[in-house]
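Trainee: Mind having a look at this structure? Questions to follow.
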Amino acid sequence: VNLSNNNLSGEVDVLFAPALESVDFRNNKFTSVASFESSKSSHKTLHTIFLSNNSIKQAFSDLWKNVPPNIQVFIISNNFISGQLAAFSGVLTSLKIFNMAGNRL
569 VNLSNNNLSG EVDVLFAPAL ESVDFRNNKF TSVASFESSK SSHKTLHTIF
619 LSNNSIKQAF SDLWKNVPPN IQVFIISNNF ISGQLAAFSG VLTSLKIFNM
669 AGNRL
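See the structure below:
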C-alpha cells in the first residue's frame, strides 16, 4: 500500500488492513504510530514499513513495542522520535534495513 506524499495526519495504524506486506506512508503529516497489535493478521505478514518525513513525536521504546516479527525494512527517518534505542539485535532476525536518521535520539 502506498499512501506517500499526501497530507494525511493524526495517528497512523500501519496494520490497518489484513495481510499487508508493505506500507509506505512517507511525506505526510502523521504525528504518531498506533501500537502494533499482534492480534491483527498483518502483524505476521508485514515486512516493510516506510514512515520517513512525517511529524511523528513518539518515544522509540513505545514505537518499538511488539514490532511485527518479520520486518525486513523499517525506515522512520526525519521525524521527532526521541529516547534511547532499545536493545533489539537478535530479536528481529529478519531485519535488514533500519534507518532512523534525523530524529532526536
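In the numbering used here, the protein residues as written are 569 to 673. Even glycine gets a Cβ: it sits at the ideal position worked out from N, Cα and C. All values derive from a computational prediction rather than experimental measurement.
1) Cβ of PHE618 within 8 Å of Cβ of ASP592?
2) For LEU673, does the count of other Cβ atoms within 10 angstroms reach 16, so buried, or fall short, so exposed?
3) Compare the C-alpha of PHE598 against each of ILE624, LYS633 and ASN671 and name the closest.
4) Taking C-beta to C-beta, are PRO686 and SER603 nearer than 8 Å?
5) In three-state terms, what does DSSP make of LYS612?
6) Between ASN638 and SER662, which are expected to be in contact by the criterion C-beta below 8 Å, what is the C-beta distance as a whole number of angstroms?
7) Give me the Cα-Cα distance between ASN667 and ASN570, rounded to the nearest whole angstrom.
8) Looking only at DSSP bridge pairs, what is ARG672 linked to?
9) Does the beta-carbon distance from THR613 to GLN640 come in below 8 Å?
Mentor: On the basis of the coordinates in this document:
1) yes
2) exposed
3) ILE624
4) Nothing about residue 686 can be reported from this structure: the residues present for the chain run from 569 to 673 only.
5) helix
6) 5 Å
7) 19 Å
8) SER650
9) no
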